[in-house]
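Heads up: the sequence shown runs through residues 5 to 147, numbered per the working numbering.
Working notes, structure below.
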Amino acid sequence: MATSTPLSSSSENQSRFPAVHISYECVSHIRTRESDTYYYELACSISYPATSAHLSMRITGQNTYRKAAAREVPFTRHETGATTYVELLESENLEVRIVDQDGSYSKAFYYAHGQELTELNARHMVSVIKRIDANTEQNNKNR
């Protein structure tokens, strides 16, 4: 079953602020002695003033002891924003930052944990997160 979690109910905010639409699927489960680990596939669409703003997307680890460098996420620009495909491991963060020509700054952080992708923090950005359940979609096709 696909679920949608709009994190801002104001339609005014949706027109004033950049919007991040994420559809994701938790695709595998790896069991280790210490914990369960999940793997996430995300399809992201970001609406923002693409002609006048700078977009930065990167993946960071939740555990600082790893000292892993952030990984930049490549994306495809279009007239109204950008799109990308992202793979996250358990406990990784997706960071989206937009700086507009007038200096306005928007950002959002998303966290993958326990088969869920959640918004940790957002500033001047609207998020819509939709989980794709492959088993439900497959069952609906077979009917």
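All residues carry an ideal CB built from backbone N, CA and C; glycine is no exception.
Can you pull the DSSP bridge partners for residue i?
| i | result |
| --- | --- |
| L1 | Residue coverage of the chain in this structure runs from 5 to 147, which leaves residue 1 outside it and unanswerable. |
| H33 | Y42 |
| E83 | In DSSP, E83 forms no bridge with anything. |
| V130 | A23 |
| I50 | V24 and A86 |
| I63 | R75 and L98 |
| S110 | I102 |
| A57 | D104 |
Would you grab the beta carbon distance between residue i and residue j for me? Rounded to a whole angstrom, and I think it's under 8 angstroms.
| i | j | result |
| --- | --- | --- |
| H25 | S49 | 5 angstroms |
| R81 | A54 | 5 angstroms |
| E99 | R62 | 5 angstroms |
| A138 | N125 | In fact, because the Cβ distance is near 29 angstroms, the residues do not count as touching under 8 angstroms. |
| S56 | A23 | The pair is not a contact, with the Cβ atoms about 16 angstroms apart (cut-off 8 angstroms). |
Should residue i go down as buried or exposed, given a rule of 16 or more other Cβ atoms within 10 Å for buried?
| i | result |
| --- | --- |
| V77 | buried |
| M129 | buried |
| Y89 | exposed |
| Y109 | exposed |
| E83 | exposed |
| T68 | Confidence at T68 is low in this model, with a pLDDT of 49, below 50, so the placement of that residue is unreliable and no value is reported for it. |
| A73 | exposed |
| G107 | exposed |
| S32 | exposed |
Compare the C-beta of residue i with all C-beta atoms of chain C and state if any pair is closer than 8 angstroms.
| i | result |
| --- | --- |
| E91 | Reference to chain C is not applicable here, since this structure consists of a single protein chain. |
Sufficient close CB pairs (3 or more, under 8 angstroms) joining the region 79-98 to the region 111-122: Yes: at least three Cβ pairs fall under 8 angstroms.
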